[in-house]
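Inspection log for the structure reproduced underneath, given as structure tokens.
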Amino acid sequence: MTCSEYFKNFSDLIDGDTLEEDSRAFEEHLNECSVCSRYRQVIEQGSALLRTLPEPRLSENFLPRLRHRLYHVDDQRSLRSATTATTPLAVLGMAIILTVVSWLPTLRDTTPEAALDAVVVDQTPRRAPRQPLVIMSSSEFVAPPFTNFSERALTDFREGLWDDAHVLLFEYSPLSQRSRQRGVLRRTGLNQER
């Protein structure tokens with residue numbers, strides 16, 4: 003028997019919960035090891051000293067408080083064991099759910115198939131050669147010859163398409179709402195005697 007085994011099983015020896023063979027091994031080790039025999043002497047002398055002391059007086063509510071405290075200690079142990087078991091399972095479950103949800107669109111390929119008739123072109127359409135539009139300034143507009151513009155479009159370009167942009171910006175901005183409201187005169191509550 004080693005010293006660590008002796009210290010580990012010492013309380014069982016004192017309580018009388020060891021087999022006869024183990025008790026003999028304890029005694030043989032005590033005869034060989036001075037450290038373990040000293041340990042046993044200290045424990046026995048300390049126990050004898052404690053027995054000489056008077057018994058402590060306990061209050062009437064000591065036992066119910068002790069039981070309540072022990073109940074909460076057991077309750078905390080059960081809560082710790084429950085949370086340690088459920089936390090990894092919850093994380094694993096969430097990971098599986100997120101994986102399935104993220105892969106769901108690719109697993110369920112619902113791309114519609116459309117069958118279109120083939121387009122056959124015999125000839126390319128003839129187009130008249132175009133001349134570029136030239137805008138000299140916002141008030142001048144030069145159109146290429148032989149173009150068919152409506153009179154309104156031409157007048158818009160001649161008069162300047164963006165000349166009134168500042169009016170549009172003001173009209174649709176919050177500033178226009180503020181200027182359209184009428185002023186309100188309110189009394190502030192300061193009473194001045196006249």
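Each residue of the sequence shown is one higher than the one before, counting from 3 in the numbering used here. In this text, a Cβ means the ideal position worked out from N, Cα and C, and glycines have one as well.
Please go through the region 30-67 and give each complete alpha helix (DSSP H) segment of 4 or more residues, from N-terminal end onward.
36-54
Cβ-Cβ distance between residue 11 and residue 20 below 8 Å
yes
Endpoints, alpha helix (DSSP H) assigned at residue 7
5-10
With 16 other Cβ atoms within 10 Å as the buried cut-off, status of residue 38
buried
Near residue 3, which residues of its chain fall below 6 Å by C-beta distance, leaving aside the five closest residues on each side in sequence?
27, 31
Would you call residue 8 buried or exposed, if buried means 16 or more other Cβ atoms sit within 10 Å of its Cβ?
buried
May I have the straight-line CA-CA distance separating residue 69 from residue 82, to the nearest angstrom?
20 Å
Going by beta-carbon coordinates alone, are residue 6 and residue 15 separated by less than 8 Å?
no
CA-CA distance, residue 176 and residue 113?
46 Å
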